[in-house]
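Notes follow once the structure below has been shown.
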Amino acid sequence: MRHLPPTATLRTFEVATRHATFTAAAEELFITQSAVSHQLKNLEALWGLQLFQRGKSLSLTPAGAALAPLVREFFSKLDTTLSDLREQNGRVRLRVNTTYSFALKWLLPRLPDLACLHPEILVSLDSSDKIINFAGTESDVAIRFGHGNYPALFTEFLFREQIFPVASPSLLQRFGMPAEPAELLRYPLLTRDGADLVPKWDVWFEQTGVNINVLHESVRFADTNMTIEAALLGQGIALARSGHVEKELAEGTLTRLFDIRCPSPAAYYFVCPQGIETQPHVLKFRQWLLDASQQAQQRYR
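Position 234 (the sequence shown) corresponds to 234 in UniProt numbering; numbering is contiguous.
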């Protein structure tokens, strides 16, 4: 720490690395050329390193080239952090990571309620379907869909969805309303391709007591939102998780087929590094999330 120069000197070094002469650097800093030269000589003496090759034009030495990006990053991060703090205006930022489909369909519509209840919390929302690694991300907390197996992390169960088929009014006009699950075998079925956590038609048919040999699949999709969108366009029947079609069911743009309980094998969990869960703003977010989850769970039963 004793080798740290004044911030003004570091700023002079950073500016000088971007110019061909001390005179040009001085013009950007609104100081004299001799002041720039003096500060940089003092910096070289403090660090015991030659930073510039002096001649008709400036060039960085290997030591200067190694230090230049570090100093530049320091000022960039300082400026970003100061801007962020001014923007927060006394609020506490909470960086939340979750899957894109959950953020879009479930969390975003509910965030205004959180803002009303806790205006002091500024949520910064990011999405990723990958396994969360807090050491390698800028997220504070996360909401994940799985089986609750998150070693070394604080883990809290939120809710479990129901799985059921949904169809658009236009498709039901063309094909008619099915009277029983077995009738769906004559309908175009939309399939969400992917991992084991994705709702599977064969599992749903098995739980409803229907034996199947071949599914009349219409299209396979790699994304949940694309599957729901295709159902809205009347391209087929989608097997949806309840939390992903709340708005569509309420507006009548999709219709739930059959009132049959089929719980999702996976559930949503709040996760964060151990110890973070007790921080005041995280605790408030957790409680709000639990309350919203309990309300959702009641509707999904």
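Even glycine gets a Cβ: it sits at the ideal position worked out from N, Cα and C. Being a predicted model, the structure only gives us computed values, none of them experimental.
| Query | Result |
| --- | --- |
| L60 and L51: beta carbons closer than 8 angstroms? | yes |
| Does the distance from the C-beta atom of F102 to that of S293 stay below 8 angstroms? | no |
| Any heavy atom of the ligand GDP closer than 7 angstroms to the beta-carbon of A238? | The ligand GDP is not among the ligands present in this structure, which contains no ligands whatsoever. |
| Applying the criterion that 16 or more other CB atoms from any shown protein chain within 10 Å of the CB defines a buried residue, is G176 buried or exposed? | exposed |
| Where does G146 sit, in a helix, a strand or coil, going by DSSP? | strand |
| If you drop the 5 nearest sequence neighbours on each side, which residues of the same chain put their C-beta closer than 8 angstroms to that of residue 385? | Residue numbering for the chain in the displayed model covers 1 to 301; residue 385 lies beyond these limits and cannot be assessed. |
| Could you name each continuous beta strand (DSSP E) segment of 3 residues or more that falls completely within the stretch 102-165, going from the start of the chain to the end? | 121-127, 141-146, 153-159 |
| How big is the Cα-Cα spacing for S76 and L117? | 34 angstroms |
| Following the continuous alpha helix (DSSP H) through R174, name the residue where it begins and the one where it ends. | 169-175 |
| Rounding to the nearest angstrom, what Cα-Cα distance links I163 and R93 in this structure? | 34 angstroms |
| So, T208 versus I260, is the Cβ gap smaller than 8 angstroms? | yes |
| Suppose you measure from the CA of L111 to the CA of R286; what does that come to, to the nearest Å? | 13 angstroms |
| Look up C272 in the DSSP assignment and give the residues it is bridged to. | F154 |
| Consult DSSP for P265 and reduce its assignment to one of helix, strand or coil. | coil |
| Does the Cβ of D140 have 16 or more other Cβ atoms within 10 Å, making it buried, or fewer, making it exposed? | buried |
| Using CA coordinates, which residue listed in Q295, T12, C272 is at the minimum distance from residue 312? | Outside the displayed range of the chain (1 to 301) lies residue 312, so it cannot be described from this structure. |
| Does DSSP put A238 in a helix, in a strand, or in coil? | strand |
| Going by DSSP, what residues sit across from F221 in a beta bridge? | R192 |
| On a Cα-Cα basis, can you pick out the residue from L215, V245, N213 that is closest to I228? | V245 |
| For I237 and P188, which I take to be in contact (beta-carbon distance under 8 angstroms), what is that distance rounded to the nearest angstrom? | 7 angstroms |
| Quick check on R91: does DSSP put it in helix, strand or coil? | coil |
| Within the continuous alpha helix (DSSP H) that includes K284, where are the two ends? | 280-300 |
| Using the Cα positions of T12 and H19, report the straight-line distance between them to the nearest angstrom. | 11 angstroms |
| Looking at V166: is its Cβ nearer than 8 angstroms to the Cβ of T255? | yes |
| From this set, T191, V210, Q173, L78, which residue's C-alpha is nearest E183's C-alpha? | V210 |
| Expressed to the nearest angstrom, what Euclidean distance is found between the alpha-carbon atoms of L104 and V15? | 43 angstroms |
| Do W201 and L239 have their C-beta atoms within less than 8 angstroms of each other? | yes |
| Under a Cβ-count criterion, where at least 16 other Cβ atoms within 10 Å of its own Cβ denotes burial, should F145 be classed as buried or exposed? | buried |
| Per DSSP, V96 forms a beta bridge with which residues? | L125, V141 |
| With 16 other CB atoms within 10 Å as the buried threshold, where does P109 fall? | exposed |
| Would you report the Cα separation of L197 and H147, rounded to the nearest angstrom? | 9 angstroms |
| Taking the alpha carbon of V219 as the reference point, which residue from F205, Q235, N213 has its own alpha carbon closest? | Q235 |
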